Amino acid sequence: MELKKEDKRDAKWGFICSSVGDCKVFHWSHRAKKGSKVSDITEGNIPATKQVRDPGGRLGPYSEEGKPDLRLGTLNSVGLFILSRRNFKVVWTPCDSRDLIIFTSRGVYDNMHPLFLGKGVGELNLPVESWEEAMRDAGYSAALSLWRNSLVEKMVFESGGSTSLLTKRYHYCYVKFGFPLNLYRLRLLAHCMEVTQNLRSYMETNPLSRPPSDHTTYPGNISLRNGIGAFFCLTFRL
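598 is the number of the first residue of the sequence shown in my numbering; add one for each residue after it.
Here you go:
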């Protein structure tokens, strides 16, 4: 969407996105200063208390009648439909040419959470002593987004990133074409594969067991009990 002159906010374009589930959208701004280039456009769309297996909504057939799981709202006492912002979210952000938009499934962004990476709650700089307390703190969502945004910026856009074989296979494309979009995406997916290696190996050899709760020894989070995991990521440049 091209912005009108009075709405530009120093940007020519605006990106609009709507969601009924638990996917996240990140925006990388080439104009922003280092350390604040990545922002989570969908910050706060995932309640800390929501079950991991509940996506919060589904566009495909879900009910017995084949209807989607929108959970958009309810009828009030006088029969008016009330839109619930809990499950349906429309977001937008000003952006420029050369900016990057990154869509990720929960299988990706859960593996950019300090809890699942085996780190202590002190990473979020909140006045709490446990992850249970942190998830009840009013500043939890903002603190987590700030931490995750910093990780995405360092891991994907700064030198170093993931050094796995998956990324190295695309090194030729990187040199020849100059940071193609698939390298951004592959760095995120390679990170998920590396982080969850021990956990996936455990689940493959213990298919009937629950995933271990020791995130120090078995870091990461996978959404499938067969130990394979599901990681989806899409990127495009404006």
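Positions of the beta carbon are idealized from the N, C-alpha and C atoms, including for glycine. Because the structure is a prediction, the values reported are computed rather than measured.
>> For Asn818, which residues in the same chain have their Cβ closer than 7 Å to its Cβ, ignoring the five residues on either side in sequence?
In response: Position 221 of the sequence shown, counted from the start, is the residue given in the question as residue 818. Asp707, Asn708, Phe713, listed in sequence order.
> Out of curiosity, what's the CA-to-CA distance linking Gly632 and Ser615?
Replying inline: In the sequence shown, residue 632 corresponds to position 35, counting from 1. In the sequence shown, residue 615 corresponds to position 18, counting from 1. Between the C-alpha atoms of Gly632 and Ser615 there is a straight-line separation of about 27 Å.
>> Quick check: the Cα distance between His710 and Gly657, rounded to an integer number of angstroms?
In response: In the sequence shown, the residue the question calls residue 710 occupies position 113. In the sequence shown, the residue the question calls residue 657 occupies position 60. Straight-line Cα distance between these residues: approximately 28 Å.
> Taking the C-alpha atoms as reference points, what is the distance between Ala739 and Glu662?
Replying inline: Here residue 739 refers to the residue found at position 142 of the sequence shown. Here residue 662 refers to the residue found at position 65 of the sequence shown. Put simply, the backbone Cα of Ala739 is about 39 Å away from that of Glu662.
> Closest by CA to Thr814, which one among Arg733, Arg807, Thr793, Cys789?
Replying inline: For this step, residue 814 is matched to residue 217 along the sequence shown. For Thr814, the closest C-alpha among the options Arg733, Arg807, Thr793, Cys789 is that of Thr793.
>> Using CA atoms only, rank isn't needed, just tell me which of Ser660, Asp811, Ile699, Cys692 is closest to Cys620.
In response: One-based indexing of the sequence shown puts residue 620 at position 23. Looking at the Cα atoms, Ile699 is the closest of the given residues.
> Using CA coordinates, which residue listed in Met732, His624, Lys630 is at the minimum distance from Thr639?
Replying inline: Your numbering for residue 639 matches position 42 in the sequence shown. Taking only the C-alpha atoms, the option nearest Thr639 is His624.
>> For Ile613 and Ser636, I'd like the C-alpha separation in whole angstroms.
In response: As a first step, residue 613 must be located in the sequence shown, where it is residue number 16. As a first step, residue 636 must be located in the sequence shown, where it is residue number 39. Linking Ile613 to Ser636 through their CA atoms gives a straight-line distance of about 14 Å.
>> Only counting the same chain, and skipping five residues up and downstream in sequence, which positions put a Cβ closer than 6 Å to that of Gly641?
In response: Locating residue 641 in the sequence shown gives position 44, counting from the first residue. Setting aside the 5 residues that flank it on each side, Gly641 is surrounded in the same chain by Ser738, each with a C-beta closer than 6 Å to its C-beta; the list follows chain order.
> Grouping DSSP H, G and I as helix and E and B as strand, with all else coil, what is Ser702?
Replying inline: In the sequence shown, residue 702 corresponds to position 105, counting from 1. Three-state result, Ser702: coil.
> Taking Phe833 as the reference, which of Lys609, Glu791, Val622 has the closest Cα?
Replying inline: As a first step, residue 833 is located in the sequence shown; it is residue number 236 there, counting from the start. Of the candidates Lys609, Glu791, Val622, the one whose C-alpha sits nearest the C-alpha of Phe833 is Val622.
> DSSP state of Ile613, grouped into three classes?
Replying inline: Taking the first residue of the sequence shown as position 1, residue 613 is located at position 16. Of the three classes helix, strand and coil, the one that applies to Ile613 here is strand, per DSSP.
> Quick one: what does DSSP say Leu723 is sitting in, helix, strand or coil?
Replying inline: Counted from its first residue, the sequence shown places residue 723 at position 126. The DSSP-derived three-state label of Leu723 is coil.
> So, using beta-carbon positions, are Asp734 and His627 closer together than 8 Å?
Replying inline: Mapped onto the sequence shown, residue 734 falls at position 137. Mapped onto the sequence shown, residue 627 falls at position 30. Annotated as distal: Asp734 and His627, with beta-carbon spacing of 8 Å or more.
> DSSP puts His624 in a beta bridge; with which residues?
Replying inline: Here residue 624 refers to the residue found at position 27 when the sequence shown is read from its first residue. Note: His624 sits in a beta bridge opposite Ser636, Ile698.
>> Please tell me whether Thr813 has its Cβ less than 8 Å away from any Cβ of chain B.
In response: Annotation note: the requested chain B is absent from the structure, which comprises a single protein chain.
>> Let me check understanding here. Comparing Cα to Cα, which of Val705, Ala629, Lys634 lies closest to Leu831?
In response: Here residue 831 is taken as the residue at index 234 of the sequence shown, counted from 1. Closest in alpha carbon position to Leu831, among Val705, Ala629, Lys634, is Val705.
>> I'd like the list of long-range same chain contacts for Val749, defined as Cβ closer than 7 Å, with 5 residues on each side in sequence excluded.
In response: Translated into the one-based positions of the sequence shown, residue 749 becomes position 152. Answer for Val749: Phe623, Val635, Met709, listed in chain order.
>> Quick check: the Cα distance between Leu721 and Glu730, rounded to an integer number of angstroms?
In response: Position 124 of the sequence shown, counted from the first residue, corresponds to residue 721. Position 133 of the sequence shown, counted from the first residue, corresponds to residue 730. Taking the straight line from one Cα to the other gives about 12 Å.
> Nearest-angstrom Cα distance between Leu677 and Val725?
Replying inline: For this step, residue 677 is matched to residue 80 along the sequence shown. For this step, residue 725 is matched to residue 128 along the sequence shown. The pLDDT assigned to Leu677 is 39, lower than 50, so where the model puts this residue is not dependable, and the model offers no usable value.
> Name the DSSP bridge partner or partners of Thr690?
Replying inline: Numbered from its first residue, the sequence shown carries residue 690 at position 93. According to the DSSP secondary-structure assignment, Thr690 is paired through a beta bridge with Phe612.
> Closest by CA to Lys609, which one among Val687, Cys692, Asp666, Gly618?
Replying inline: In the sequence shown, residue 609 corresponds to position 12, counting from 1. Out of Val687, Cys692, Asp666, Gly618, Cys692 has the C-alpha closest to the C-alpha of Lys609.
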